[in-house]
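Letter by letter, the sequence shown follows residues 2 to 270 in our numbering.
The beta-carbon is built from N, C-alpha and C at its ideal position, and this holds for glycine as well.
Everything numeric in this text was worked out from a predicted model, so none of it was measured.
I have placed the structure first, in the form of structure tokens, so that the comments after it can refer back to it.
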Amino acid sequence: MPVPNDDAATADTPFLDGLADTLAALPGVHAVALGGSRAQGTHTPDSDWDTAVYYRGGEGLFAPRDLRAVGWEGEATEIGGWGGGVFNGGGWFSVEGRRVDVHYRDLDDIERVLADAEAGRFRVEPLMFHLAGIPTYLVVAELAVNRVLRGTAPRPDGYPAALRRAAPEEWWGRARMTLHYARAGNAPKGGRTEVVGAVAVAALSAAHAVLAARGEWVTNEKRLLERAGLRDIDDVVTHPGLGLAELVDRAEAFLASAVADARQAVPRA
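What follows is the structure, encoded as structure tokens:
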């Protein structure tokens with residue numbers, strides 16, 4: 002894991018202050034947060050600057066055109082430009098030679114998602130570059146691990162016990178159904194690409210199940226397999242002597258064992 006350089010961090014402070022002030026001054030913005038590796042102290046000098054602006058959609062004040070008007074080189078989507086749902090758009094820019102991402106976060110939606118998470122409810126939404134999709138509670142996870150730079154934003158009081166009970170079951174159910182279809186539908190037809198793809202999706206889903214059972218927040222799929230202790234799935238996928246059905250069987254046995262072990266720590270209702 003990269004170790005932050007204190008001198009570099011000190012040099013970055015004026016840049017981060019200016020970035021936060023600019024975003025906080027946009028109409029309708031209630032809070033600005035720093036996310037990703039820079040919020041968690043695991044960044045490298047080349048890491049992006051991941052930020053989020055929190056606004057209330059019901060107020061009708063926040064508009065991407067105001068972000069574009071700042072004049073940074075780059076692009077900003079409309080609200081909902083990344084497919085809608087909780088991950089509802091943003092922009093990517095070059096600011097003083099540094100890569101900056103800005104995510105839109107609607108506090109009206111987040112408060113509903115937070116209430117759902119505390120009750121053990123969530124949905125899984127598709128999002129580009131995420132094999133298993135994202136849980137709606139991802140935006141709650143961000144609030145738990147990100148660093149608020151300006152304004153105020155809600156913060157979850159730990160990982161909800163109800164979510165720890167519900168999420169592993171949902172995620173593992175999705176993984177098992179994916180593997181079942183691969184075994185019954187793809188393997189008999191010799192569809193190696195489809196089988197390997199299904200195993201990958203199931204592995205990421207199982208990793209979500211493991212981390213939810215542990216009560217650990219997830220904000221993206223980066224290092225998700227490592228965090229869940231499932232990196233050895235690579236050995237199953239690349240094993241030269243396995244037929245397609247056997248590949249699925251081996252993957253399911255490996256993933257099922259990891260999920261079962263993690264679920265032993267889930268608190269009872």
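- Taking the C-beta atoms as reference points, His104 is found nearer than 8 Å to Ala53.
- Per DSSP, the beta bridge partners of Glu76 are Trp93.
- When rounded, the separation of the alpha-carbon atoms in Ala263 and Pro155 is 28 Å.
- A Cβ-Cβ contact shorter than 8 Å links Tyr56 with Asp107.
- The beta carbons of Val260 and Ala210 sit closer together than 8 Å.
- Looking at the DSSP output, Thr52 sits in a beta bridge with Leu35, Val103.
- The distance from the Cβ of Asp235 to that of Phe255 is about 11 Å, inconsistent with a contact at the 8 Å cut-off.
- If only uninterrupted alpha helix (DSSP H) runs of at least 4 residues are considered, those enclosed by the region 123-202 are 139-146, 162-182.
- Bridge pairing for Val30: Tyr56 [DSSP].
- Put simply, of Gly192, Val30, Leu24, Gly75 the residue whose alpha carbon is nearest the alpha carbon of Gly92 is Gly75.
- Leu245 and Ala188 do touch by the CB rule: their CB atoms are close to 4 Å apart, below 8 Å.
- Each residue's CA atom was taken as its position, placing Val146 and Lys190 some 44 Å apart.
- Excluding its 5 nearest sequence neighbours in each direction, Glu119 has C-beta neighbours in its own chain below 7 Å: Pro161, Ala163, listed in chain order.
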